[in-house]
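Protein chains in written order, with our numbering: chain A, 105 to 374; chain B, 151 to 550; chain C, 18 to 443. For reference, the structure is listed below as structure tokens.
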Amino acid sequence: MFVAGCDLGSATGKVVIMRSNSIMSWSIVQSTISPEKTARLALEIALKKAKLSSLADLHYVLGTGYGRQVVSFITENLSEITCHARGAHWLHPETRTVVDVGGQDCKVILLNSAGKVIDFVMNDKCAAGTGKFFEVMARTFDCSLDEFVKLSLQSNTPANITKQCSVFAESEVITLINSGIDPADIAAGLVDSITRRIIALIHRIGYTPDIVFTGGCAKNESLIRSIEKALKVNIVRLPNPQIIGALGAALFALERIRGKVNNKNSTNVN
Amino acid sequence: MNEFSYFINTNSNLKKKMCNSKLLKEFKEIANNLINPALQSWKNQNGKVIGCMYPFIPEEIISAAGMLPYRMKATNSSGTELSESCFSQINCTYVRHLFDLGMRGELKFLDGVVTVNYCDHIRRLFDNWKSKINTPYMHFLSFPKKRGEEQIEAYRKELVKFKISLEKFFNTNITEKQLRSAIQCHNKTRQLLRKLYELRKSKNSSITGAETLAIVMAGTVIPKEIYNSLLNQLLKDYNQAEKNTKNLVRIMLVGGEIDNLKLIDIIENLGGLVVADYLGYGFRYIWKDVDEEGDSLTALARYQVMERPADPRIFGTSVERNDYIKKIIGQFSVEGIISFRLPQCDLWGLDQINLSRYLKKNKIPYLALEDEYILKSIGQLKTRIQAFIESIREGKYVKN
Amino acid sequence: MLKIKPGLQRFYEYRDRVKNFITQIEQSPEPNPILLRFYSLVLENDEKTIDCIENNKPLLSSWYGNAPEIYAAMDIHAFNVVDNILAHQPFYNDLEGMDKCAIPMDMCGLIKLGVYAVEVGIVPTPTAMIAMLQPCDAQIAIHEVWKNTDNWFNVPTFALDAPYGNSEEDYIYFAGELKRMIAFLEDHVNRKMDYDRLRKIIEETNRQYEAWAEYNELRRSIPCPHGSFLASKIGWIITQHITAGHPGATEIFKLLVSDAEDRLKAKKGWIKKEKIRILWADLVPTWDIPLADWLEKEYGAIVVMDFQGYTPYSYIDTSTEESMLVGIAKRNLSEVPMIRQARGTIDIMIEDITRIVKDYKCDCVIFPGHVGHKDQSASISFLKELCRDLGVPLLALTVDNFDPRYTPIDVLKRQISEFFDAHGLR
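Below is the structure:
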């Protein structure tokens, strides 16, 4: 029996299709203004890759993320905190701390050895420390996000970016560029300033190794190295970190059809 | 749809009411509106209504004067535009919404407003209200910041001034007999509400948290005699109500003067049931009675300063508050605690730290939330609340 | 390895840094006598704290405005958790450390630093604590948090309950609180109150405040003889944050007076061409120096008065124990900076602004809108009306007096520049 996990974020929609304990396919699409449309687009691609013909081939679709409650074909939804924790723990059972740096928010999740959420903290009020900040800065540099990351990795002397707010930081960057500071150093300085925000959030709740990063920004090697340096701890790099939330959702979907969890305890159903 | 969705649907219909009492519907209407029929009728008979901005004000004195004490809320406020010239973004949204309503004339049925120096925001709300809004009678009470016999004495002096000022302004006389009678009436309210709270202890309780809050809030804006007789009937109705059969996560809500039914609805639509609280419109309001012996003003001062379950406004009470919370957890079989704070609130902001430390030590699942008075970040609240409830349900709290 | 006592390492660093400042001043071409004496007093104070920690002597955690005269009379050394953290802010990453604690971001930087400092143990664990519960909500809250921090849970505590008003009845009530505080200290710190000693200390403080008032009169002159915030910073520390009634503090005020007088006689204003006289309607921020420098150089602007420096202290009658205690009560309720303006109704703030604008011939008022002063920010309409009546423009900002990152200085400069330009003050 096939199941799907659907993670509808602010920046991207992700789907993972599983059968038994195996990932059959996955997809990532740019989010549209309609979560329903985003979910269908992502699902179409994943279904095709799994050589399935339609939604009817799926026995359970579990949703998470911002748009989770409004998609018609989602059977059940769970919070992205629960799903990211499950996905990370399945891929790496020694995970005890998950840091999810998404498009518009950042979360730190603590798990126990069974992969259950013990505690969590979120920053979803401010773009600083999220993918949005990177996006804005890459635009200021007039380059792609990948190019921005590559640029930052070239620096050994990061500039000191004093502004926490992404709006103020943008004008500070322009001033630095115009005063002839090496763009690589500025890019590295920006990564450091995001690091400081994320580190502050991590410290607010505490952390236990192993630490795993999920979400789109987990692919940003410059950011991961900067955080490793600040925490003096190695961060475990998981393959395809962006789909971990959807993977967690798919794993829960598998559990549901196996009837392992008492269905009377389900939260929200559409 | 598949075979599992039907199964899930029939077991998770959280919106189904268990108590069909007409009174419940009436109380919800009262809680959801600034003016209610009983208040309107009171005004039509030339009754006076005195707005109480916040707690620590002995409403009994107002009742004794034959007036209606009215706890002020900014229910259904649509914005804070008219408060922008008097307050800033670092001021509490409750205060800004309330002031906005006042400026719009939505509270012009108030014949007077009384407040205490509860917090920095409220005390300046009073100053601004006095200056800009035409409410005939205004009075300010200075409430102590700690507990002690000297503080009771000091607050009694304040209550004497308040009583005299009410008498003078409204050309009336408040006798000891009237005070005693008012205390008895308000105590009756507390006793009846405590009976209501007993219903929440049961594992298959027929009352929701949203219903409880609506019922308590309704009692703060209608005459107490009417309210007491309605409450009596409502208690009988609840005894006939369906019992809850769903396995919901039992939540306790901790916070200030939360009057937001929507917040509790969110929790109760995500698999939680708010079975207990430590709230101003809740436990703190109902738990203790005012002494009916001896001098009434002394009894009222003592009650407010020493006996009423405290909130962080009174220094040195965190141990007592933790003890209350521990007892409530036991008596109401609480599985997790959610605390809620309005942004810019220093008192509750730091108290969330105290609570976090205590609950962590005692391994009690805890979630700290904040949002504006009129909820703005509902999606973000839902994410956190859902994750919290899931974490309790999906795995019991075990620290590595 | 023996664990160092909380706060001791930090106090060693504070002491050594101050010693360094003193050496640098002594070795400079024209050693400033005021700064030399000031830092000597600070050094003496820090060394007392070190002595208390090292030798387990009684050490009280207190707050300015908590009747330091009484501690001095009982020979009890007191410290304020945030004092040195603020004074030495440029040399530490405490602000970043504070961000890592689970403290709401919308609170005052000083309060956040205080919570952080006790949590991480960079301040000593006191023998006893006197909790100040005024003027703002955060005072109640921070002392409660300290009591809920493991190291401080068992610290005996007495809280001073401040009434809301300014009547004689209120001062008598607070004098009662002070008596109860004395009884508490006698019990828990094992020191006795010596009213004769209290008399001498109060008389010395009377002389200090008289000299300060004299100095403030001189700042009314045009041009102002001294720079922005100067006496406010020094004055507040030597009256509230070191042993009360120190003759060295009186000497400093007299030096300030005589230096100001000399400058006035020589017609030497602080700025060559003084163009804008400002009332800064709050305490001095920790980032005052870059602000003051920029105001001077860019606009010839000077902060002639601020709330930290302006407090019309009353002379305390020392004839009886009662008159002394009521006098101290009045001083601590109604005359200490910020408590004066913030504790009760808005009337005193309005009165102070009115007097300062008139007496100091201010061209404008800058209201910093410190995030910790929520009551002040809710007084903004009264300030606007007042300044309109006084005929001076008002600039309302939003800052954190204790965290320069909150509103970056270049943003503030832009706001102030626009304000000056819009009102033709350039």
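Where is the CB? At the ideal position from N, CA and C, for every residue including glycine. Small disclaimer: the values here were computed from a predicted structure and weren't measured.
- Message: DSSP has SER238 of chain C in a bridge; who is on the other side?
- Response: Paired residue(s): none; SER238 of chain C is not in a bridge.
Expressed to the nearest angstrom, what Euclidean distance is found between the alpha-carbon atoms of LEU164 of chain B and ILE417 of chain B?
Low confidence applies here, because LEU164 of chain B scores a pLDDT of 45, under 50, leaving its location unreliable; read the following figure in that light. When rounded, the distance between both Cα atoms is 11 angstroms.
* Asked: Within this structure, are the beta carbons of PHE96 of chain C and LEU112 of chain C separated by less than 9 angstroms?
  -> no
State the Cα-Cα distance for the pair ASN506 of chain B and GLN454 of chain B, rounded to the nearest angstrom. One point to set straight first is that residue 506 of chain B is Ser, not Asn, in the sequence displayed. Whole-angstrom Cα-Cα distance: 26 angstroms.
- Against chain A: residues of the region 112-135 of chain C by CB proximity under 8 angstroms: GLU113, ASP116, LYS117, CYS118, ALA119
Excluding sequence positions up to five away, which residues of its chain have a Cβ less than 7 angstroms from the Cβ of ASP96 of chain A?
Here chain A covers residues 105 to 374 and nothing more, so residue 96 of chain A does not appear.
| Any Cβ of chain A within less than 9 angstroms of the Cβ of PRO224 of chain C? | Correcting the residue type first, residue 224 of chain C is Arg in the shown sequence and not Pro. Chain A, which has no Cβ nearer than 9 angstroms to the Cβ of ARG224 of chain C, makes this no.
State yes or no: is the C-beta of GLY586 of chain B within less than 9 angstroms of the C-beta of TRP498 of chain B?
-> Because chain B in this structure spans residues 151 to 550, residue 586 of chain B falls outside the shown range and cannot be described.
| request: At 7 angstroms on the CB atoms, spell out the chain E contacts of GLY529 of chain B, in chain order. | output: Here chain E cannot be found, since the structure's protein chains are A, B and C.
Practice problem: Flag HIS160 of chain C as yes if its beta-carbon sits less than 9 angstroms from any beta-carbon of chain B, otherwise no. | Solution: yes
Taking 9 angstroms as the CB-CB limit, is HIS105 of chain C close to chain B? no
_PRO107 of chain C - containing alpha helix (DSSP H), residue span_ = Element bounds for PRO107 of chain C: n/a, residue is neither H nor E.
Requested in this report: Taking only beta-carbon positions, decide if PRO180 of chain C is within less than 9 angstroms of chain B.
Outcome: yes
In its own chain, which residues sit with a C-beta less than 7 angstroms from the C-beta of VAL337 of chain A, not counting the 5 before and 5 after it? PRO313, ILE315
Got a sec? Which residues, its chain only, sit under 8 angstroms from LEU53 of chain C by beta carbon, not counting five neighbours each side? ILE39, ILE42, GLU43
Taking Cβ-Cβ distances shorter than 8 angstroms, what residues in chain C pair up with PHE272 of chain A?
PRO425, VAL428
Tell me which same chain residues have a C-beta within less than 7 angstroms of the C-beta of GLU133 of chain B, skipping the five on either side of it? It is not possible to answer for residue 133 of chain B, since the shown part of chain B is limited to 151 through 550.
field: Anticipated Cβ contact below 8 angstroms, ASP376 of chain C with GLN358 of chain C, distance rounded
entry: With 8 angstroms as the limit, ASP376 of chain C and GLN358 of chain C do not qualify as a contact, their Cβ atoms being about 16 angstroms apart.
Reduced DSSP secondary structure (H/G/I, E/B, other) of GLN257 of chain C: helix
* Could you pull out every unbroken beta strand (DSSP E) segment of at least 3 residues lying fully inside the region 48-134 of chain C, listed in chain order? => 76-78, 94-96
> So with Cβ pairs under 9 angstroms, would you call GLN536 of chain B a contact of chain A?
Replying inline: yes
Checklist line | Short-range partners of chain C found in the region 297-309 of chain A, where Cβ spacing is below 9 angstroms | finding: ARG300, ARG301, ILE303, ALA304, LEU305, ILE306, HIS307, ARG308, ILE309
| request: State the DSSP-derived secondary structure class of VAL373 of chain A, mapped to helix, strand or coil. | output: With a pLDDT of only 39 at VAL373 of chain A, under 50, the local geometry of the prediction cannot be trusted, and the value read off the model is given with reservation. In the structure shown, VAL373 of chain A sits in coil (DSSP, three-state: anything other than H, G, I, E or B).
ALA232 of chain A (DSSP reduced to helix, strand or coil)
coil
*Quick one: any contact between the region 291-306 of chain C and the region 209-216 of chain C, if contact means 3 or more CB pairs under 8 angstroms?*
no
Practice prompt. Check GLU180 of chain A in the structure and name its three-state DSSP category.
Written response: strand
Check this for me: beta carbons of VAL266 of chain B and PHE293 of chain B, under 9 angstroms apart or not?
yes
Query raised in the report: Is VAL203 of chain A close to chain C, meaning its C-beta is less than 9 angstroms from at least one C-beta of that chain?
Result: no
Note down, in chain order, every chain C residue with its Cβ under 9 angstroms from the Cβ of PRO515 of chain B. None at all; the shortest Cβ gap to chain C is about 16 angstroms.
inquiry  = Can you give me the C-alpha to C-alpha distance between THR325 of chain B and GLU86 of chain C, rounded to a whole angstrom?
reply    = 46 angstroms
_First and last residue of the uninterrupted beta strand (DSSP E) at TYR190 of chain C_ = First-last for TYR190 of chain C: 185-205, but that is the alpha helix (DSSP H), not the beta strand (DSSP E).
When you compare the region 482-490 of chain B with the region 513-528 of chain B, are there three or more beta-carbon pairs, one atom per stretch, that lie closer than 8 angstroms? yes
Short of 9 angstroms Cβ to Cβ, which residues in the region 176-205 of chain C face chain B?
ALA176, LEU177, ASP178, ALA179, PRO180, TYR181, GLY182, GLU186, ASP187, TYR190, GLY193, GLU194, ARG197
- Message: At a CB distance below 7 angstroms, what residues from the region 212-236 of chain A approach chain B? Give them in sequence order.
- Response: ASN216, SER217, ALA218, LYS220, VAL221, ILE222, PHE224, MET226, ASP228
Worksheet item: chain B partners of THR142 of chain A, CB-CB under 7 angstroms?
Response: Ordered by position in chain B, no residue passes the 7 angstroms Cβ test against THR142 of chain A, which lies about 16 angstroms from the chain.
**OP:** Ignore the nearest five residues each way along the sequence and tell me which others in LEU102 of chain A's own chain have a CB closer than 8 angstroms to its CB.
**Re:** Since the first residue shown for chain A is 105 and the last is 374, residue 102 of chain A is missing from the structure and cannot be characterised.
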